[in-house]
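A short worksheet on the structure shown next.
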Amino acid sequence: MIPVNVVTGFLGSGKTTLLREILRAPAFSDSAVIVNEFGEVGLDHLLIEEVEEGVLLLDSGCICCTVRSDLQETIRDLQAKAARGAIPSFARVIVETTGVADPAPIVSTIAAEPVIRQHFRIGNIVACVDGVNGAATLDAHPEPEKQIAVADRILVTKADIADAGALAAVEARVAALNPLTPMARSTGAGFDPEFLFGDDVGDAARRAAEVSRWLALSEQAGADGHAHHSDHTAGTQSFVLRYPDRIDWTAFGVWLTALLHAHGEKILRVKGILNVRESDTPVVIHGVQHVVHPPMHLNAWPDDDRESRIVFITRGLDKSRILRSLSAFIGEPTPGRTADAADRVS
1 MIPVNVVTGF LGSGKTTLLR EILRAPAFSD SAVIVNEFGE VGLDHLLIEE VEEGVLLLDS
61 GCICCTVRSD LQETIRDLQA KAARGAIPSF ARVIVETTGV ADPAPIVSTI AAEPVIRQHF
121 RIGNIVACVD GVNGAATLDA HPEPEKQIAV ADRILVTKAD IADAGALAAV EARVAALNPL
181 TPMARSTGAG FDPEFLFGDD VGDAARRAAE VSRWLALSEQ AGADGHAHHS DHTAGTQSFV
241 LRYPDRIDWT AFGVWLTALL HAHGEKILRV KGILNVRESD TPVVIHGVQH VVHPPMHLNA
301 WPDDDRESRI VFITRGLDKS RILRSLSAFI GEPTPGRTAD AADRVS
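Encoded structure:
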C-alpha cells in the first residue's frame, strides 16, 4: 500500500519552504507530490520535463502535479498513469493543503474511496508551525489549532530567527494542543525525512516503540485520566480513559464507530492500546475525526501496564459524555479492580 502523507500549516508557517526541500531531496525520488499551485513552490530550476499533461518530472526524480477538479480524481489519475507507464512509478504521495484548510477531510477522502483504498493508505500528517508568529496565529485563527491537533509530526519552523522565549512559548502551546505528537525544529535548510514521514506500518518492533512513545507523552502532559488544557486552548482538551477489565472487541468497535459517526467533528484524534478478550496481545487503535484506521496488533505489551488506555484530543466534547457512552457499550468495570477505577471510568 502506498502511503499518502499530508503537509499542512497556516499561511506563513514555512510549509512552502518544506515542500521545496522535499521536491529537491534525493530521499523523495520515488515520491509524487501534489501541490496547490506550481508557481508557489518555484519549480523552474528543478524541472526536467513534463512527462504527461500537468505532471512534471524534477531532477531529484520526484514527480509533481497540481490538484485537478478534486483530490480523489488527482490520486486516481496518478495511479492509472503510473500503472500504464506514462509516468514513473512512485512509492509515496505527499499532498499539500492550503493554509486555511482542515487536513481531516483529506483523510476522509482516502478512507471513503474504494478504488483509492485498494492502492493507498494514510501516512503521517505533518503540520508546520511558525516559530516566530505561531502563538499570535493560534490566538487569531481557529484553523492552525486543528491542524496541530490532528498531526502525527509537527515541525516548528524559523528556529534560526525566532527569539528563544517565543520559540519556547510556541512549543508549549503546541504540546498543550497535542501531547501525543513529537516536535522538531527547522531552520528552513534540511530536515529529517525519517522523522517526518517514517511510520510503523509493517514493523512490529517500531510500532511497539511508537505506542510507548505516545503513551509516555500523554502521561508527561498531565493527561493521566484528567482533562489537560491551557488558558489559550480552553476549547481543546486531551485526556486518557483507562479501563481495567479485558474488553469485548466487537462491542468496543461498535462503540468507537458510533462515537466518531456522531461526534467526529469534535474528536480531533483518538489513540488507544486495548486489552481485548479475543487476544493475549494488545490491539492499537487510531482515529482522526470520522475516520477509524484499521486496528493493529502488537506482538507484546510495551510496558507492564495491562489496562486499556485510550487517549482523546477533543474540542467541545467533554470527557464525561464519552465515559458514559463507553460504559453503556462495554459495561462498568469490576468493582475494586484498581484502586482508582471509579475515578478513571466514571
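Counting from 1, one number per residue, gives the positions in the sequence shown under the UniProt record's numbering.
Ideal Cβ placement from N, Cα and C applies to all residues, glycine included.
With a cutoff of 8 Å on beta-carbon distance, residue 170 and residue 135 are scored as near each other. Under the rule that a run must span 4 or more residues, the alpha helix (DSSP H) segments found entirely inside the segment 92-123 read 104-112, 114-119. Residue ranges of uninterrupted alpha helix (DSSP H) with 4 or more members, entirely inside the segment 160-219 and ordered along the chain, are 164-177, 193-197.
The three-state secondary structure of residue 281, taken from DSSP, is coil.
For residue 266, no beta strand (DSSP E) encloses it, and the DSSP letter there is neither H nor E.
Contact between the segment 284-296 and the segment 95-111 is present, with at least three C-beta pairs closer than 8 Å. When secondary structure is reduced to three states using DSSP, residue 86 falls in the coil class, being assigned neither helix nor strand. Secondary structure note for residue 32: its beta strand (DSSP E) is the uninterrupted segment 31-35. For residue 179, the closest C-alpha among the options 55, 145, 318, 208 is that of 145. Closest option to residue 255, judged by alpha-carbon separation, among 14, 313, 285: 285.
The criterion of a C-beta distance shorter than 8 Å is satisfied by residue 307 and residue 242. Judged by DSSP in its simplified three-state form, residue 28 adopts helix. Taking C-beta atoms as the reference points, residue 311 and residue 297 fail to come closer than 8 Å.
In this structure, the beta-carbon distance from residue 92 to residue 3 falls below 8 Å.
The beta carbons of residue 12 and residue 147 sit no closer together than 8 Å. Shown here, residue 262 sits in a helix according to DSSP, grouped into three states. An exposed status is given to residue 321, since fewer than 16 other beta-carbon atoms sit within 10 Å of its beta-carbon. Distance from the Cα of residue 275 is smallest, within the candidate group 213, 300, 294, for 300. Check the Cα spacing between residue 263 and each of 88, 315, 279: the tightest is with 315. Here residue 9 carries a strand assignment [DSSP, helix/strand/coil]. Pairing residue 19 with residue 7 gives a Cβ-Cβ distance under 8 Å.
For residue 125 and residue 81, the gap between their C-alpha atoms comes out near 25 Å. Remark: C-beta atoms of residue 138 and residue 84 do not approach each other more closely than 8 Å.
Distances from the CA of residue 236 to each of 253, 208, 60, 142 were compared; the closest alpha carbon is that of 142.
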